[in-house]
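In this note's numbering, the protein residues as written are -13 to 240.
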């Protein structure tokens, strides 16, 4: 059942997942499509999540954006980042000197090499924030040697998180604490619990289906409907957990 509508406010809106946004030319969603998207969300009783670009939006967008309850997902270099519900670091260097908020969630998109070299950085951030989601952007390149290193890194963080819990704190680091709290799969829900509205007025399975490099991910032309024609998800059961045999049997909950 659909619960969320993700609205990309610009073609250059930040990625908050494993894929890289390959689009570099700015293209705002039109005010008409934004209003229509909000109306669609209201009609379907969906929680709206706005995904922002690095640049400031025109003033006329503000009133429309604030006309409904929503969550803001912003890159760390957005001028209005202090208003974000979720802040995305697209490079670890963006964390240098950043003013972290204890009530805000953060996403750190990072390569495996940087992650292994900068395990102290994650350790330093976790106590300062509501939650830190670490997204490894090249996870598909892991080797057996990498997994051995990764195991040691996780153990390093686990020891620190254990100490924080002992001090009465409740740190959240997706790679560890999510596994502790879950008793079933918690997949991203693309095209099942959420859909994405892009700047072209069309719906997509998730932001990657619109933003990512078609040579490495999937054709950008594959949409699942539009504001004019409504949602049109082919074989919707295939996006559900009970039709994913490998994920259904997996006990490494995430």
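Cβ atoms here follow ideal geometry from the backbone N, Cα and C, with glycine treated the same way.
Going along the chain, which residues of its own chain have a beta-carbon closer than 7 Å to the beta-carbon of residue i, five neighbours each way excluded?
i	result
residue 185	-6, -4, -3, 13, 14 and 15
residue 63	40 and 80
residue 136	none
Please list, in chain order, all residues of the same chain as residue i whose beta carbon is under 8 Å from its beta carbon, the five residues on each side excluded.
i	result
residue 217	181, 189, 210 and 211
residue 71	57, 58, 59, 90 and 91
Assign residue i to one of three DSSP states: helix, strand, or coil.
i	result
residue 72	strand
residue 198	coil
residue 230	coil
residue 193	coil
residue 5	coil
residue 221	coil
residue 107	helix
Can you pull the DSSP bridge partners for residue i?
i	result
residue 212	188 and 216
residue -6	37
residue 101	Answer is none; residue 101 lacks a bridge partner.
residue 96	122
Assuming contact is defined by CB atoms lying nearer than 7 Å, are residue i and residue j in contact in what I supplied?
i	j	result
residue 105	residue 146	no
residue 34	residue -9	yes
residue 94	residue 67	no
residue 114	residue 84	no
residue 229	residue 123	no
Going along the chain, which residues of its own chain have a beta-carbon closer than 6 Å to the beta-carbon of residue i, five neighbours each way excluded?
i	result
residue 176	191 and 192
residue 112	118, 157 and 159
Minimum length 4: unbroken alpha helix (DSSP H) runs contained in the segment 112 to 143: none
Any alpha helix (DSSP H) of 4 or more consecutive residues that is wholly inside the segment 149 to 191: 163 to 167
Kindly provide the ranges of any alpha helix (DSSP H) runs that are 4 or more residues long and lie completely inside the segment 8 to 92, ordered along the chain. 17 to 29 and 45 to 51
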